[in-house]
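Report on the following structure.
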Amino acid sequence: MRRALVLFNQAMRWHDNLLLSEQADFDQRIAVVLLDPDEYLSTQYGMPRASIQRLQAQLKLLLNWQQQWQHKRRVLHIRIGPTAFCLQQLAELYDADTLIAAEPTAPEQYQQLQHSGLKLKLFDINSLLQHQLRPDLATLPKSFSAFRREREPNLWVQPPEQHAVSAQFYADPSLALDTTALDFISRDHQPTAALFNEAAGLERLMQFIWQQHAIIRYKQNRNALDGDWNSSLWSFYLANGTLSPCYIWQQVLEFEQQQVANESTYWLRFELLWREYFRWQMRQHGRAWFSKNAFRPPLDFSSPQADPRFELWCKGETGLPFVDANIKMLLHTGWMSNRGRQNVASYLIFELQQDWRLGAAFFEQHLLDYDCASNWCNWAYIAGVGNSSARQFNQIKQALTYDPKGDFVRHWLPGKTATGSLVHQPEPQVPVQEFWLPFLQQLKVSS
Ligand SMILES: Cc1cc2nc3c(=O)[nH]c(=O)nc-3n(C[C@H](O)[C@H](O)[C@H](O)COP(=O)(O)OP(=O)(O)OC[C@H]3O[C@@H](n4cnc5c(N)ncnc54)[C@H](O)[C@@H]3O)c2cc1C
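Read in order, the letters of the sequence shown are residues 1 to 447 in the UniProt record's numbering.
The following block contains the structure:
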């Protein structure tokens, strides 16, 4: 009897999921999800790796996935503990020698799977370019433009496939939860935590494309700082694998064929290519992305030194309203717009002169859509380490463009009462940058 464990981390979905399908090499397969406390409860540069909201959202997702298996009269194991250790224990229990899983992009997760000592069968179900489309890491283009130029002319993406749940899934129901998992769940489970499961992801996809037709105006609206329909908000589901990128891609193509194809529908696919590019970049350079210069020699993994300006930035108390309001939004909601992320990152790196990795670690802690490649590579991209030159933003100009009436800032900083764009005036303790000056003169009571 040959048995394999099937790890459903980043694969908690029924659509387009190869992990569910029959595997000729095995007689029985055992379904499992893990929560590795190291990824959530340990610290990084003195900061917890996950906020309590991020931990609770993940736990809620695992429990919900287990319930979905129960509804199908199947058993899914939940284990809380070091990845390699939990996998070894389960493998021993069921006499399994192989691990089937979604191929991670985070080097740390990959390493953990290797440390399990099991034979690995990894399927890259969360990339657009899978199977025979997989880029060769040795010849991967350095810049996004070159990557896009190479791929876009004949771009073909793996079509999503529907797989029936194999009858090979087998388990002893009494082993579904062990005592560690039960203790952890009773301590940390929060029923009101956000739930980013497949049903919510598919619903959001349907609404954004087919019901609201928000996709038609995406290019004009995507830079907004908030709002329900300005951007897709698919990042939560893509980050945890409850939505398949190939399924999204196919839905966008179908919409283009059946309803409208315009610059906006194209731009959504363009953004999904950015995600794709960073996934392959992360795989190409691995752990080097966590070095101060990214993968440029000499690699420097020393811990960055934070100073009090970093602490103020983390609290949204720098005195620059546009930056502070965006950080407050992140602290309250676990999300920040792409425009906000770019601006607060640029301010931390260039005006506050802090090591970019501190900001990346802070985002890792708080973003409910945290994704290793998208987060760390975007930070490195703005800092100008890695493959790109630095991207410095002018926060006052950006505030005037994206929050011209100051409503966003007043919403997140209710203590600020100045009207119109005057609310963007930096507080006296903020050193005024010369390149802000022409834009500071444009601040006025009403727009
Ligand atoms: C400093 C910084 C850190 C970031 N950290 C993360 C992160 O941890 N997780 C994450 O998913 N995204 C991250 N991003 C990328 C981007 O900000 C978010 O994907 C986007 O804001 C999520 O909202 P949305 O789903 O409505 O995006 P939309 O604008 O609707 O875009 C659709 C999808 O395209 C992808 N995408 C869009 N922009 C980018 C981008 N710049 N890089 C990679 N993929 C992109 C995402 O998967 C997104 O869901 C970061 C960007 C910056 C500048």
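Positions of the beta carbon are idealized from the N, C-alpha and C atoms, including for glycine.
In three-state terms, what does DSSP make of residue i?
i, result
"Val-445", "coil"
"Leu-34", "strand"
"Thr-105", "coil"
"residue 472", "A query on residue 472 cannot be resolved here, the shown segment of the chain reaching from 1 to 447 and no further."
"Thr-401", "helix"
"Thr-318", "coil"
"Pro-48", "strand"
"Thr-98", "strand"
"Leu-437", "helix"
"Glu-177", "Sequence check: residue 177 is Leu here, not Glu. If DSSP states are grouped into helix, strand and coil, Leu-177 belongs with the strands."
"His-15", "coil"
"Phe-362", "helix"
"Thr-333", "helix"
"Phe-196", "coil"
"Phe-85", "helix"
"residue 448", "This structure leaves residue 448 out entirely; the chain is present only between 1 and 447."
"residue 465", "There is no way to answer for residue 465, as the model of the chain reaches only from 1 to 447."
"Phe-169", "strand"
"His-213", "coil"
"His-77", "strand"
"Asn-230", "coil"
"Tyr-370", "coil"
"Asn-240", "helix"
"Ser-421", "helix"
"residue 468", "Residue 468 is absent from the model: the chain starts at 1 and stops at 447."
"Asp-307", "coil"
"Glu-427", "coil"
"Ser-116", "coil"
"Asp-183", "helix"
"Gly-201", "helix"
"Asn-9", "coil"
"Val-344", "helix"
"Leu-22", "Per the sequence shown, the amino acid found at residue 22 is Glu instead of Leu. The answer is coil: DSSP assigns Glu-22 none of H, G, I, E or B."
"Leu-129", "coil"
"Trp-324", "In the sequence as presented, Trp is not what sits at residue 324; that position holds Asp. Looking at Asp-324 - three-state DSSP - the assignment turns out to be helix."
"Leu-225", "coil"
"Pro-191", "coil"
"Lys-219", "helix"
"Gln-354", "coil"
"Ser-235", "helix"
"Phe-208", "helix"
Any heavy atom of ligand 2 closer than 6 Å to the CB of residue i?
i, result
"Ala-380", "Of the ligands this structure carries, namely ligand 1, none is ligand 2."
Which residues does DSSP list as the beta-bridge partners of residue i?
i, result
"Phe-123", "Ala-102"
"Gln-28", "Arg-3"
"Ile-349", "BP columns for Ile-349 are empty, so no partner."
"Thr-43", "Pro-48"
Assuming residue i and residue j make a contact with CB atoms under 8 Å, what is their CB distance in whole Å?
i, j, result
"Tyr-94", "Arg-217", "In fact, because the Cβ distance is near 51 Å, the residues do not count as touching under 8 Å."
"Gln-284", "Leu-129", "With 8 Å as the limit, Gln-284 and Leu-129 do not qualify as a contact, their Cβ atoms being about 13 Å apart."
"Cys-246", "Asp-407", "With 8 Å as the limit, Cys-246 and Asp-407 do not qualify as a contact, their Cβ atoms being about 38 Å apart."
"Trp-335", "Asp-369", "7 Å"
"Val-157", "Trp-289", "Not confirmed; about 25 Å, so no contact."
"Gln-10", "Gly-241", "4 Å"
"Gln-365", "Arg-49", "6 Å"
"Leu-19", "Leu-195", "With a Cβ gap of about 21 Å, Leu-19 and Leu-195 do not count as contacting."
"Trp-379", "Ala-345", "6 Å"
"Pro-141", "Phe-147", "4 Å"
"Ile-30", "Ala-171", "5 Å"
"Arg-204", "Leu-233", "6 Å"
"Thr-105", "Ala-373", "5 Å"
"Ala-399", "Phe-322", "4 Å"
Can you list, in chain order, the stretches of the alpha helix (DSSP H) that have 4 or more residues and sit fully within the region 133-163?
Along the region 133-163, the alpha helix (DSSP H) occurs as fully enclosed runs of 4 or more residues at 144-151, listed in sequence order.
At 4 residues or longer, and completely inside the region 251-298: list those alpha helix (DSSP H) runs for me, N to C.
You should have 263-285.
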